[in-house]
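Notes follow the structure.
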């Protein structure tokens, strides 16, 4: 897959508009694997956060990406466990400011997973 299909390129530049495309390319089996349990979801996020930190992305950029992912999951995926259901309900109840704050909290939650 060429670099222009990725959300982050080799120089660490982000194209957050490509988040939906990247998630749409992920197969259903892989989504089920990641979203099947909340612990697996947190571990997956943690691995992505660690990679983002290594290439120098700021917490703000990671939170913006988390917002895009939250919007995608809320619109296109059914929660697979009660934790995801709670996150979805919180996401829907909040406005943009609340979602941004929740995205920051998810980034921090994922940073604490090891």
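In my numbering, the protein residues as written are 12 to 125. Note that the Cβ used here is the ideal one computed from N, Cα and C, for glycine as well. Computed from a prediction, not measured in an experiment: that's the story for all the values here.
A residue is called buried when at least 16 other Cβ atoms come within 10 angstroms of its Cβ; residue 60 meets this threshold and is buried. Proximity to residue 35 across 64, 55 and 87 peaks at 87, based on C-alpha coordinates.
Between residue 49 and the set 70, 79 and 99, the nearest pair of CA atoms involves 99. Counted as a single uninterrupted DSSP element, the alpha helix (DSSP H) harbouring residue 30 occupies residues 30-36. Counting of Cβ neighbours within 10 angstroms places residue 110 among the buried residues, the total reaching 16 or more. DSSP, reduced to helix, strand and coil, places residue 105 outside both helices and strands of the structure shown, so it counts as coil. Within the same chain, and ignoring the five residues on either side of residue 85 in sequence, the residues whose Cβ sits closer than 8 Å to its Cβ are 99, 102 and 103. Residues of the same chain with a CB within less than 6 Å of the CB of residue 115, apart from the 5 flanking positions on each side, are 74 in chain order. By alpha-carbon distance to residue 92, the top candidate from 106, 32 and 46 is 46.
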